[in-house]
Each structure stands twice: as C-alpha cells, then as structure tokens.
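Q: Residue numbers (the numbering used here), protein chains in the order written: chain A, 4 to 335; chain B, 4 to 335; chain C, 4 to 335.
Please see the structure below; I have some questions.
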Amino acid sequence: MHTLGEIAKLVNAELVGQNDLVIKSLASINCAKSGQLSYVVSSKYQDQLSNTQASAVIISQPLHKFCNTNALIVDDVYLAFAQITHLFKHKVVHTNGIHTSADTNNAIVAPNCCIGERVSIGCDTTIGANTVVEDGTTIGANCTIGANVSILQATTIGNNVVIESGAVIGSEGFGNARDRHKHWHSIAHLGNVVIGNNVNIGANTSIDRGTLEDTHIHQGVRLDNLVHIAHNVVIGEDTAIAACTGVAGSTHIGKRCMIGGMVGVVGHLDICDDVIVNAKSTINKNILTPGIYTGIMPLMPHKKWQIVGVWLTKLDKITQYLNIKLTHLKGK
Amino acid sequence: MHTLGEIAKLVNAELVGQNDLVIKSLASINCAKSGQLSYVVSSKYQDQLSNTQASAVIISQPLHKFCNTNALIVDDVYLAFAQITHLFKHKVVHTNGIHTSADTNNAIVAPNCCIGERVSIGCDTTIGANTVVEDGTTIGANCTIGANVSILQATTIGNNVVIESGAVIGSEGFGNARDRHKHWHSIAHLGNVVIGNNVNIGANTSIDRGTLEDTHIHQGVRLDNLVHIAHNVVIGEDTAIAACTGVAGSTHIGKRCMIGGMVGVVGHLDICDDVIVNAKSTINKNILTPGIYTGIMPLMPHKKWQIVGVWLTKLDKITQYLNIKLTHLKGK
Amino acid sequence: MHTLGEIAKLVNAELVGQNDLVIKSLASINCAKSGQLSYVVSSKYQDQLSNTQASAVIISQPLHKFCNTNALIVDDVYLAFAQITHLFKHKVVHTNGIHTSADTNNAIVAPNCCIGERVSIGCDTTIGANTVVEDGTTIGANCTIGANVSILQATTIGNNVVIESGAVIGSEGFGNARDRHKHWHSIAHLGNVVIGNNVNIGANTSIDRGTLEDTHIHQGVRLDNLVHIAHNVVIGEDTAIAACTGVAGSTHIGKRCMIGGMVGVVGHLDICDDVIVNAKSTINKNILTPGIYTGIMPLMPHKKWQIVGVWLTKLDKITQYLNIKLTHLKGK
Chain A
4 MHTLGEIAKL VNAELVGQND LVIKSLASIN CAKSGQLSYV VSSKYQDQLS NTQASAVIIS
64 QPLHKFCNTN ALIVDDVYLA FAQITHLFKH KVVHTNGIHT SADTNNAIVA PNCCIGERVS
124 IGCDTTIGAN TVVEDGTTIG ANCTIGANVS ILQATTIGNN VVIESGAVIG SEGFGNARDR
184 HKHWHSIAHL GNVVIGNNVN IGANTSIDRG TLEDTHIHQG VRLDNLVHIA HNVVIGEDTA
244 IAACTGVAGS THIGKRCMIG GMVGVVGHLD ICDDVIVNAK STINKNILTP GIYTGIMPLM
304 PHKKWQIVGV WLTKLDKITQ YLNIKLTHLK GK
Chain B
4 MHTLGEIAKL VNAELVGQND LVIKSLASIN CAKSGQLSYV VSSKYQDQLS NTQASAVIIS
64 QPLHKFCNTN ALIVDDVYLA FAQITHLFKH KVVHTNGIHT SADTNNAIVA PNCCIGERVS
124 IGCDTTIGAN TVVEDGTTIG ANCTIGANVS ILQATTIGNN VVIESGAVIG SEGFGNARDR
184 HKHWHSIAHL GNVVIGNNVN IGANTSIDRG TLEDTHIHQG VRLDNLVHIA HNVVIGEDTA
244 IAACTGVAGS THIGKRCMIG GMVGVVGHLD ICDDVIVNAK STINKNILTP GIYTGIMPLM
304 PHKKWQIVGV WLTKLDKITQ YLNIKLTHLK GK
Chain C
4 MHTLGEIAKL VNAELVGQND LVIKSLASIN CAKSGQLSYV VSSKYQDQLS NTQASAVIIS
64 QPLHKFCNTN ALIVDDVYLA FAQITHLFKH KVVHTNGIHT SADTNNAIVA PNCCIGERVS
124 IGCDTTIGAN TVVEDGTTIG ANCTIGANVS ILQATTIGNN VVIESGAVIG SEGFGNARDR
184 HKHWHSIAHL GNVVIGNNVN IGANTSIDRG TLEDTHIHQG VRLDNLVHIA HNVVIGEDTA
244 IAACTGVAGS THIGKRCMIG GMVGVVGHLD ICDDVIVNAK STINKNILTP GIYTGIMPLM
304 PHKKWQIVGV WLTKLDKITQ YLNIKLTHLK GK
C-alpha cells in the first residue's frame, strides 16, 4: 500500500486531490473500486472516467475535465502506469520443499518440488518432480502435474486438470510502455491465471498472467504442446487449441472452438463460439460467425512459387492494367 | 489387466462374447494379438476387422456383422476407446535421486535428477541437473542430456544422442474424443517414444508418445529448438527439422528430408525421402516426389499488402469477370 | 589445446606446414589471431584467406594458392571444421548447490539451483528454484531469473535483466555438416550468449550460443515467450519480439524494431533499424528501409479459400493466358 503522494512522486505527476490517500491496489477503469488507482489513456474512455469508482486515476491534462476523483496528471499515462505497477508487485521467494503453511491433503508431491506459502493442493493430485508452485496457488483434486512445471504467482487451478512437463503457468505478460527515448518499460503484471475443471495443458506451453484482471482458461479446454496464451486472454469452455499456436493479449475465444496448429491469433480480438480455424492460418480480425476458416498459401514446387509469388505481389497492378474495379466484381 | 466384462461396464457397452476374458493391453486393429482389445471406427476398416487377431474389438452395431471375435458394442466407438485407455495407464511416481533398480553404469548423473525404476543408462552418458527420467526408460551410451529435461514413460534412446535443456520426451499426445455434449475426453497415450542413434534434439522441443504404437525418431535425425513432434509421427533417418516447426499426429516424414523453420505439417500425411521444404511453409497434403517446396506469402510494405490482400481474396471473382476457366490454362 | 598434427590426423587432412604448432582455439577467418585455427569454404573468401592472422587454416586444395599460413587440406572443409570443433568443447559437470568458487554476493538463490564454477551473480539478483547456471556465467545486479531456467556455458548477462521460467540460454546452435553419405555431423558451438542490461526474456524461450563468436542480445531488448533465437544472431537495442517468433542463424536485427508474434526470420539476413513486421509474416530477404511490413494470407471462410487457393497457384498461367508481361505493369 502506498499513498497517492508517494505514487505521484515516483512518476513525477501533478497530484490534484488528496496527498495522503492510501492506494491498496490497481484496477482497470471499469472495474475499479474505492481504494484503487486506475488509468485512462484516451478520450475514448471519457464516460468510464467520469463514472469510475476508482479513488484516483492517472490521466493526461486534456482528460482532467472528465475526472470526478483524485487525479495524477502526467504526459505519458501508459508509461506512468507501467512504472507504478512495480510498486504493487509481490516479490516471491521460493520455498525449500513444502512450506509449512501449504495444505497438500493426500497429494503426491515428487522430489525437488518447491511448494510455496498458503498453497492448497486437492485430494489425489500428483505433482511431478522438480516442479515449482508459487505462493497462494490453489490446485484442485485429481490433477496430474508433470515434471519441471512452473506454476507461478497465485494461479487457480480446478479439478481433474492435467499439466504436462515443462509448462509455465502465470509468467509475466508481454506488456511494455515505450518512453520518448524509445526504451521499453515493463508492466508488472498483477493479475493471475485461472484454470477451470477438466482442462489439459501441453508440454512446454506457456500461459501469461493478466495485467490487472486474470487470464481465464475455462473448463474443458484442451491446449496442446508449445502453445502460447498471452495476458488477459479468455478461452471459452471446451475449446481445443493444437500445438504451436499463439494467442496474443486480451483476445477472447469462444466455446467449443477448434483452433488448428501454429495458428497466430492477433490481440484484442473476439472469436465467437463454434469456430474452426485450420492449421497455420492467421486470425487478424474478429470472427463473428461460426464456421470453418482458412488463410494459408498453398504449398508449391519452389520454382513455381517463385513465379506465382512475383505475380501475387503485382495483383494490384494487374487489375489496374486490366481496368478491373472492385465494383465490377459480383458478390463478395 | 481387466476382464472384458469390467471394461464393458465402464463404457456401458453391450458385450457380445466372453465376459471373463482377460484383456492385457490395447492395440490398433492391424497389430492386435491374442489378449488384446482393439477398436474400429468406420466401415473403411471392415476387412481389418474381419481378419484381426484381437481377442475383442470395440465397434458400433452396424460393424458387428464383420466381427469374428468378442465385441463391445457402443454408440460412439472413439469415445469408448478414449475412456478405456485410462484403465491401462501406468501411474508414475517420481523417484528421489536414482532408484535402486536403475542401472546407470559409469554415467554422470548431475544433482537433483530423478532416475526411475529399471532405467538403464549407457556408458559415458551425461545427464544434466534437474532432469527427470521416468520408469523403464533406456538411454544408450555416450549421450549428452541437458538440464531440466523430462524423459517420460519408458522412452528408448539410442547411443550418441544429444538432448538439449528443457526438452520434453514422451509427453501425452493430443488425442481427444468429443462426446455429444461437445466435452473432450482425453485418450491416455500408451505408446512410447523411440529415438535412434546419433539423434540431436533441441532446447524446449517436445515429442509426444504414441497412442498405442510408438513415435519414432530414426537414427541421424536433427531436431532444432522448440520443435513439436506429435504422437505416432515417424521421422526418417538423417532428416533435419529446423526450429519452431510442428509435425501433427501420425505423419510420416521420409529420410534425408530438410524441413525449414516454423513449417506446419498437418497430421496423417506421407512425405517421401529427400524432400526440402522452405521455412514457414505449410505441408497440408502428401508429398510423393522429392524436390524443393515452398508456400508462403511474400513480405511486402504493409500498405501494398493491404491492397494486394483485397484483390487476392477476389481472385475467384476476377477470373469469373474475365470469363477465365481452369480449362483455358495450359499446363498445370 | 592440440597440435596441428593431432588435428590433421583427426580429419585425415594433408598438413602443409608446422606439425607441432599448438592450436589454442578456433576463430572465423576475419577474426582469427595467432594461435588460432580457422577455415575457408569458398573462393569468395580468398582475400580474407590471404590476409588472415590465423596460425593455420582448413581449406580445400584449390584454395591453397591463396594461403600464406599453415594449411590443413581436406576434401570437405565444413565437415572437417565440424569434427574439429568437438576437440575444443569444454565438457560441463553440474555442481551440487553453489560451487565454492562462485561469487553470489547477496543474491537470493532458491532451492535446488546448481550454480557452477566461477559463476558471478550481482547484488539484489534473485534466482528461481531448480534453475541451472553453468560454469563461467556472469549475471549482473538486480536481475530476476525464474524457475526451471537453464543458463549454459559461460553466458554473460547484464543488470536489470528478467528471464522468465523455463527459458534456455546458451543451448547448442543448429549447425550441422553433411557427409557424402548424407549423415549429419554436429558442430560443437564454442561461442557464447551475451545479453545486455535491461533485457527481458520470456517463458520457454531459447537462445542458442554462437558457433565461434557470440550471439548478442543488446540492451533494452524485449523477447516474449517461446521465441527462438539461433546462433550468432544479433538483436539491436530496444527491439521487441513477440511470442513464438523464430530468428534463424547469423541474422542481424537492428535497433528499435518491433517484430510481431510467430514471425519467421530466415538466416543470414540484415534487418535495419526501426522496422515493424506484422504478426505471422515471413522475413526471407534483407530489409534495408525502415517501415511497416506484412506478408500473410488473409483469413477466409474455408470454402472460399479452397477456390481462391486454386486460382492463386495458377497466377502464372492466368497472366500468360491474358498475355500480361511484367513490363506492362506500371510502378513496382
């Protein structure tokens, strides 16, 4: 906990309001409650700013007129937010063996595991050798956790969950603010990972924790090996994602989707329920209609590809040469 | 070992045949021997069903007329099979240090390794720190295994094999049956991984064990970092696969192939010997002729790509507008 | 250290020069100094060969006339080089706990870590549980290293560096020479990894050490999860690379670049400063102009893609049918 005055000092902000206000934690603008500090980066969110329950908000000068609470006024809101997150980061110390405050029921915890403070592990769960479980994590009953797994920072895991060896759950998200010298400032991710019942997670897969809220893997989800799930992603119930696929930050994928292997999903998208995407495709826009989608270049003998590829990059010139307009083409 | 009667009960099957038949293990229909239970999902395999040596078979009612052995009749064969696999799964307990039944010759086993029951490690092999080797695994002579490696469930590894740190060998395959509620039921993979002599496996690469038979990495193969090899894949001798490539289930890749980085290979394909595939391509059909293959979109300035991309999705409309038929085009 | 005579014997080379010359190490032709052995694979480098400071060079017969120093003459220079590298490889033995020669200042080293000989760890650095740090590694001050991390073979890491769990730093590069039987012979990578200040490295990311010189990650770089950085790659200051991207050997990426997720970067390329590449693109040629680049197939309903894909592979035939020449098209 820090006072608003201390925080203002850290980021060189103009404080408009109560200097000794105690800030307990950070939250996004539409979730924030009393005692929390939030931030608004653009006038797009001016209504949320006006109506926020946050006790204080980081904003730039032009947004001040929409602010009805304590304000930290800075030039670069996102950068100030990034710097402030580190104040609220809990530094973890790994336990030797099983911490005395952990409740492991009858779970089998293999050798060389580090099980942190207040960890709770359900009945009939097995934890493989050399696995690390950080403070405050909850693991349900009848789970099978592999070897060399890292379960970080107060992750919540349901019942009947399988996590294969080498997986990392709760790693830092890839969120960085850039200053005017083009140097990156990491955001300390303060959210967690929440995994439902009956989820399977493959070998060497990584799931990042959320920035302020949580990353959610809902019940029944299947994630294959070497999958990357970024911060604040939501994967809906019974969705299956094949190996080597990556889902970028804040994207929501619906229920019962089947995402093929090595698909790239761009951030901040919405994929509706019952979508099938074939292997190697790129999802770079929202998908609002269930169905099967593909976007890959067909495989060709290399010599053919070299010629086709050249013409492909001239498609705009070809249609111009042929005087074809988009309006000439029937249907979509 | 379970009786056919017990198994029938588990999946609510109609048992046609011998209730107290002892089933020792599961096998695919064309490999099954006496004492084994198999399954057939489609009438495509009716000849194999008629001729199987299996002592019992899981089938749907319409296939019963082709069955000459004991039968478990169910509505959803694949789902029943998935559920039954778990009966035959050996639950692993990790050893503290080197199990007394392990034979490690003069191998150097670094600190914090867990070496399971009946593991055999050949002369002059080195095992890096914090590596886990599960029960029944065989590792040959003169191998170098890195740190934090997980070698699971009775893997067989030849001589002169290098496995870099963080690799996972023998993880569960990504095989799941879906029930009518669209919930996934994992298949417990009962096959293993078999790795020949002189194979190198990169950092954080994962190789899944087979479903009933084994995943095979033949001698002389080179796998780079972060490669994914799925269940039942076969990689032929002296084939090299660059980083971040994924090979989906049951695909067979021939000898002396060179697969570039971040190539996606779809499941159930055959790639012949001496095939070269350039980086980032997608292999989504069999390759039956040696040669060099490519399938990627050329890189363009983003503004150009936006225009080209639009025309590209209209190629069908453009050819229609120009009244071009496939038959108009000479050659292939 | 080995004499030139011993080395000649290993690879069956004709030695022209001093049999008892002591070779201390290997180096590439333009960096080599007295006491070092180098190699030249093609006449393209004949000037560098003539002017090298190396005490000896591995060459083929036709290049001998350009050589002014001791020579090992072989049929296949690259293969001989690969075999010789293994003579100079230092075999690592992992320490139990912290080696007495390591200097860990006030760093917090979690349980089950193995910290090798002569390792130096700066003030206020934290090393997570089950992490392995090999001999000769230097880690700066105020770093946060996760759990189950492998830091291999004399890596150098600056201050304020974050390495997430499961990352592997300093793994073997994917360099292999092929003999006339098409068998692969690994190159023992003798270079290291050098990481600057303020670098962040994501979960399960791998960075290979250099072949003879080092792999360089310059200060301020951000690497997300499951990224692959190959041997001898150089990543310039303040460049950010999103998850699942792979950079192949010897490519140089400039400063302040932003490379999206799952981008594939081919080897031996130069990417200039201030380049932005969108997710899933392939970089298969040098980029010499700052700007935004893209190269992906747009996502389509699968049925549309099937038709578009067919026409796409006929683009050469379509332009031929329409009698369009590249010279007909205005602009580039």
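Glycine included, each C-beta is placed from N, C-alpha and C at the ideal position.
1. Can you name, in chain order, every residue of its own chain whose Cβ lies under 6 Å from the Cβ of B:Ser123, other than the five neighbours on each side?
2. What residues in its chain sit with their C-beta under 8 Å from that of B:Leu229, if we drop five residues either side in the sequence?
3. Cα separation between A:Thr72 and A:Glu17?
4. Using a Cβ cut-off of 9 Å, which residues of the region 117 to 133 of chain A contact any Cβ in chain C, in chain order?
5. Going by C-alpha to C-alpha distance, which of A:Asn281, A:Gly294, A:Gly267 sits closest to A:Cys275?
6. Are there 16 or more other CB atoms within 10 angstroms of the CB of C:Val278, so buried, or fewer, so exposed?
7. Could you pull the start and end residues of the beta strand (DSSP E) that B:Leu75 belongs to?
8. Determine, for B:His221, whether the minimum Cβ-Cβ distance to residues of chain C falls below 8 Å.
9. Among all the DSSP beta bridges, which residues are the ones paired with C:Cys117?
10. Taking 8 Å as the cut-off, does the region 213 to 221 of chain C touch the region 216 to 229 of chain A (at least 3 CB pairs, one atom from each stretch)?
11. Interface residues of chain E around A:Leu90 at Cβ under 7 Å?
12. Please give the ranges of any beta strand (DSSP E) in the region 30 to 93 of chain C, keeping only runs that are unbroken, at least 3 residues long and fully inside the region.
13. Taking only the alpha-carbon atoms, compute the straight-line gap between B:Thr316 and A:Lys92 and give it to the nearest angstrom.
14. Can you pull the chain C neighbours of A:Leu229, defined as C-beta to C-beta under 9 Å?
15. Mapping DSSP to helix, strand and coil, what is B:Gly267?
16. Alpha carbon to alpha carbon, what distance is there between B:Val95 and A:His184?
17. Checking the sheet assignment: what are the DSSP bridge partners for B:Thr129?
18. Which word fits A:Met265, buried or exposed, when buried means at least 16 other C-beta atoms lie within 10 angstroms of its C-beta?
19. A:Asp241: buried (16+ other C-beta within 10 angstroms of its C-beta) or exposed?
20. For B:Pro301, count neighbouring C-beta atoms within 10 Å of its own C-beta (all shown protein chains included) and say buried if the count is 16 or more, exposed if not.
21. Take A:Thr55 as the anchor and find which of A:Asn33, A:Phe69, A:Leu40 has the nearest alpha-carbon.
22. For the beta strand (DSSP E) containing A:Glu17, name the first residue and the last one.
23. Mapping the DSSP letters down to three states, classify A:Gly8 as helix, strand or coil.
24. Anything in the region 168 to 200 of chain A with a Cβ closer than 7 Å to a Cβ of chain B? List those residues in chain order, please.
25. With a cut-off of 8 Å, does the C-beta of A:Met303 fall near any C-beta of chain C?
26. Within the same chain, show all residues whose beta-carbon is closer than 6 Å to that of C:Ile111, passing over the 5 residues directly before and after it, in chain order.
27. Report yes if the CB atom of B:Lys283 is closer than 8 Å to the CB atom of A:Leu332, and no otherwise.
28. Which residues bound the beta strand (DSSP E) around B:Gly294?
29. Just list the residues that DSSP pairs A:Asn203 with in beta bridges.
30. Quick one, are the C-beta atoms of B:Gly119 and B:Glu137 less than 8 Å apart?
31. Can you look up B:Ile290 in the DSSP assignment and give me helix, strand or coil?
32. If you follow the alpha helix (DSSP H) that C:Val313 is part of, which residue opens it and which one closes it?
33. I'd like to know if B:Gly213 contacts chain A, where contact means its C-beta is closer than 8 Å to some C-beta of that chain.
34. Have a look at C:Asp273, C:Val268, C:Tyr296 and flag the residue whose alpha-carbon is nearest the alpha-carbon of C:Gly257.
35. Identify the continuous alpha helix (DSSP H) that holds A:Thr322 and give its terminal residues.
36. Which of the three DSSP states is assigned to B:Thr242 in this structure?
A: Judging by the given coordinates:
1. Asp106, Thr141
2. Gly205, Ala206, Asn207, Thr208, Ala246, Cys247
3. 14 Å
4. Cys117, Asn133
5. A:Gly294
6. buried
7. 73 to 76
8. no
9. C:Val135
10. no
11. Here the protein chains are A, B and C, and chain E is not one of them.
12. 39 to 42, 59 to 62, 73 to 76
13. 47 Å
14. Asn207, Leu229, Cys247
15. strand
16. 53 Å
17. B:Ile111, B:Thr147
18. buried
19. buried
20. buried
21. A:Asn33
22. 17 to 19
23. helix
24. Ser168, Gly169
25. yes
26. Thr129
27. no
28. 294 to 297
29. A:Val165, A:Arg225
30. yes
31. strand
32. 305 to 315
33. no
34. C:Asp273
35. 318 to 324
36. coil
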